[in-house]
Amino acid sequence: MRQFLIFVKKEWFHIWRDRRTLFILIWMPVAQIVLYGFALTNEVKNSRIAVLDLSNDPASTALSQRIDASRYFEVIRYLHSYREIEETFRQGKIRLAVVLPKGFGDDLLHSNHAQIQLIADASDPNTANTLTNYATAIINDYQKSLNQDQELPYQIRAQVRMLYNPELKGAYNFVPGVMALVLMLVCAMMTSIAIVREKEMGTMEVILVSPLRPFKIILAKTIPYLIISTLNIATILLLSVFVLDVPITGSLVLLIAESILFTITSLSIGLLISIGAKTQQAAMFTSMMSLFLPTLLFAGFLFPVENMPLPLQIISNVVPAKWYYIIVKAVMIKGLGIMSIWKETLVLVGMTVVLLIFSISRFKIRLG
Amino acid sequence: MRTLKFILQKELRQISRDPAIFFILFVMPMIQLIILPLAADYEIKNINLGVVDHDRSEYSRKMINKIISSGYFRLKDYSNSYQGSLHSIELDKADLVLEIPAQFERNLVKENKATLFIAVNAINGVKAGLGGAYIQNIITDYNQDIRSQWIQVPRFDPQPTIEVTFSDWYNPTMNYQNFMVPGILVMLVTMIGSSFASNNIVREKEMGTIEQINVSPIRKTQFIVGKLIPFWMLALTVLTVGLIIARLVYGIVPLGHYLTIYAFASIYLLAILGLGLLLSTYAHTQQQSMLVSFFITMVFNLLSGLYTPIESMPGWAQLLTRFNPVSYFIEVMRMVVLKGSGLADIKNNILAVLGFAVFFNSWAIINYRKRSG
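Residue numbers (my numbering), protein chains in the order written: chain Y, 531 to 898; chain V, 321 to 693.
Structure (structure tokens):
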């Protein structure tokens, strides 16, 4: 046991004395949470638009003011001809143009029927969709205010309830994803580099002739990273509760237990990579291609898995982060207990056991 | 000038004899450009719908059919109670639950109004917002159908109505790949260029070969420029491979000129490579430089507008994107490819990256010391 602790201490010094790397390891989750939590949203607000008002009557002015007043839009330019629309779009200044045709107010007054054209910059199809939806809603509102005293017959009303995240904040989706990403990076990538470095520098020989059994050598290498990742989990959870206002609705103990399980999964992947790689650069590269990208792509927090082609959906099942992401969402945001996530937990446990058995049996105590 | 030629010769040989070079130049772009755009599909479709129909009338059935035939929703769960359907949301089986109360049809016909209840799983705010809007539009449409069954449509509208027509410019088929592929190509070129450059000088330091350069009659500027040009050519090759893949696989032909893209890219790459070399002059080990450049590229990519629109970001983040060369290139790439913008439209972006290029490279030259230790 004492020998083992000495090894852990040695590994700890490796990390502790490389201040630049340590700095990044500690601050990476903070930067990620802040960026994802605040900067990365698909929420549309104050989108820059232009209005081409060809009729300039009270009705058209009232409507364009109403659009400008909403928190979704900001009219940055009033245009005078169709040609200018094209030009403003091409300079990338606006996302949407509202065209009020000649005689808009007259038509509305006399024939009770007027037209509006919405021209969206659909190069980003999703934003275009969202913007036209919001603009239509504002126009419908205006229309309702015109005929407020009459009620339409045969009215179907829909009451919409947004569950878990009534303000539709992006952070609810990103926080569980960032947790998966950071743990994967710190545990798998750093562990694999740390082991391969010993090989590259030649110090592996010294370790291999020591009286400690190979299994314990590996264990000693992983423990400092386990500590750092626990620290990272704590940072992320504190930031999300106190800075992003994403509450932990479920059991904190369960959440931490599941996180430690995922940490062990990531560590065993790191071990596996380190067995195959010969140089630090190769280990880094393998981690990037086989861990970082798949986690980003297939965990489901950035891109919806259900939209992907079937082969990719099948591949996504072998990405551990996907299961961890489902678990964190269920426990942290939906507030569910172990009964609802035992299947996902079992998948993670299974993956970890297979990976650990495989990499420990492949760990060679002979060089060359 | 002759010295520069020798440095170039050395660097080019070193690169061309690296066995990984073929893989990085051709295989990696292919994998990324073929898999990423397939996966990076933000379009909201395939929303899983759960239905609780207490009414089981002709009207409710027709409405459900109409919702499903819209193509946005898939009927995944049909339960008898609201509790049951909430459970299916908890299990992620359904994203959205529509509850049709008992007597829905009767209320609608007899009392002129009926209410539906919709519950949306809003953890993913964007999906929830759009899903809710889609289903409400379909219901409004259906409402109109029913109304026209009961009421003779008058020749003139009884109330003022405003008809909204839509045009989707620049991407009329709303193809998400037209939007993502050019952006991903920028990310790819940036990652390859910066990781190569940031590893380079530090590798010479670690291997000890930097000593030889330090004692040879090479000026600091010549050294940095000699390092820069080979990677610049390398990255432009990756860009070319990427543009060919975009054209052959996705059929993306820029509306603007290819020359505009290359003109911008050649200045942009000077900035990115300069940043990489700058990091390289500071780092002591390859591990440090890899981690730092990984971290910086990650922040750059997230704040580039590739995944989420820049206008949606808060003010401070928008300010940060102004200091991010990647965001300028992504904007330019999308403008040229999708809107056919020319040099005049992107002149501000050109000036900005030119500024970055001068700044990073001069800093790298100043910081590079021919003394060791």
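All C-beta atoms, glycine included, are put in the ideal place defined by N, C-alpha and C.
Cα-Cα separation, residue i to residue j
i, j, result
"residue 673/Y", "residue 762/Y", "52 Å"
"residue 794/Y", "residue 767/Y", "19 Å"
"residue 841/Y", "residue 598/Y", "45 Å"
"residue 706/Y", "residue 859/Y", "6 Å"
"residue 584/V", "residue 769/Y", "40 Å"
"residue 406/V", "residue 648/Y", "37 Å"
"residue 798/Y", "residue 814/Y", "16 Å"
"residue 698/Y", "residue 489/V", "28 Å"
"residue 533/Y", "residue 724/Y", "20 Å"
"residue 739/Y", "residue 809/Y", "21 Å"
"residue 455/V", "residue 675/V", "49 Å"
"residue 540/Y", "residue 576/V", "59 Å"
"residue 546/Y", "residue 712/Y", "19 Å"
"residue 542/Y", "residue 536/Y", "10 Å"
"residue 787/Y", "residue 336/V", "49 Å"
"residue 800/Y", "residue 623/V", "29 Å"
Cutoff 6 Å; reference residue i; Cβ partners in own chain excluding five residues on either side
i, result
"residue 791/Y", "878"
"residue 861/Y", "780, 784 and 785"
"residue 370/V", "397, 405, 408, 414 and 417"
"residue 581/V", "656"
"residue 502/V", "653, 654 and 657"
"residue 867/Y", "none"
"residue 608/Y", "581"
Residues near residue i by beta carbon distance below 8 Å, same chain, minus five either side
i, result
"residue 585/Y", "630, 631, 632, 633, 634, 635 and 636"
"residue 447/V", "364, 367 and 415"
"residue 606/V", "519, 522, 523 and 526"
"residue 771/Y", "777 and 778"
"residue 544/Y", "724 and 754"
"residue 538/Y", "750, 753 and 754"
Nearest-angstrom beta carbon gap, residue j and residue i [assumed within contact, 8 Å]
i, j, result
"residue 821/Y", "residue 692/Y", "With a Cβ gap of about 34 Å, residue 821/Y and residue 692/Y do not count as contacting."
"residue 603/Y", "residue 579/Y", "5 Å"
"residue 653/V", "residue 561/V", "Contact doesn't hold; Cβ gap of about 15 Å is too wide."
"residue 619/V", "residue 561/Y", "7 Å"
"residue 682/V", "residue 613/V", "The Cβ separation is near 20 Å, so there is no contact."
"residue 508/V", "residue 357/V", "Contact flag wrong, Cβ pair sits at about 11 Å."
"residue 626/Y", "residue 661/Y", "5 Å"
"residue 548/V", "residue 595/V", "Going by Cβ atoms, the distance from residue 548/V to residue 595/V rounds to 11 Å, so no, they are not a contact pair."
"residue 805/Y", "residue 889/Y", "6 Å"
"residue 689/Y", "residue 436/V", "7 Å"
"residue 620/Y", "residue 665/V", "6 Å"
"residue 465/V", "residue 423/V", "Between residue 423/V and residue 465/V the Cβ distance is about 20 Å, and since that is not below 8 Å, they are no contact."
"residue 496/V", "residue 832/Y", "Rounded, the Cβ-Cβ distance is 14 Å, inconsistent with contact."
Cutoff 7 Å; reference residue i; Cβ partners in own chain excluding five residues on either side
i, result
"residue 685/V", "540, 541 and 544"
"residue 664/Y", "574 and 602"
"residue 670/V", "584 and 587"
"residue 346/V", "561"
Residue i (DSSP reduced to helix, strand or coil)
i, result
"residue 608/Y", "strand"
"residue 422/V", "coil"
"residue 654/V", "helix"
"residue 409/V", "helix"
"residue 640/Y", "helix"
"residue 275/V", "Lying outside 321 to 693, the shown extent of chain V, residue 275/V is not represented and no answer is given."
"residue 626/Y", "strand"
"residue 381/V", "helix"
"residue 404/V", "helix"
"residue 808/Y", "coil"
"residue 533/Y", "helix"
"residue 545/Y", "helix"
"residue 618/Y", "helix"
"residue 849/Y", "coil"
"residue 765/Y", "helix"
"residue 330/V", "helix"
"residue 397/V", "strand"
"residue 373/V", "strand"
"residue 861/Y", "helix"
Distance cut-off 7 Å: residue i Cβ against heavy atoms of the ligand NAD
i, result
"residue 615/Y", "For the structure depicted, the ligand NAD is absent and the ligand set is empty, with no information on it obtainable."
| For the region 673-707 of chain Y, which segments carrying the beta strand (DSSP E) assignment without a break, of at least 3 residues, lie completely within its bounds, in sequence order? | 685-693
- Taking only runs of the beta strand (DSSP E) that begin and end inside the region 778-845 of chain Y, which ones reach a length of at least 3 residues, in chain order? none
Along the chain, which unbroken stretches of the beta strand (DSSP E) at least 3 residues long are found entirely within the region 445-512 of chain V?
481-489
Where in the region 556-601 of chain Y do unbroken runs of the alpha helix (DSSP H), each at least 4 residues long, occur, reported from the N-terminal end onward? 588-599
* Asked: Where are the beta strand (DSSP E) runs, 3 residues long or more, that stay fully inside the region 530-578 of chain V, in chain order?
  -> none
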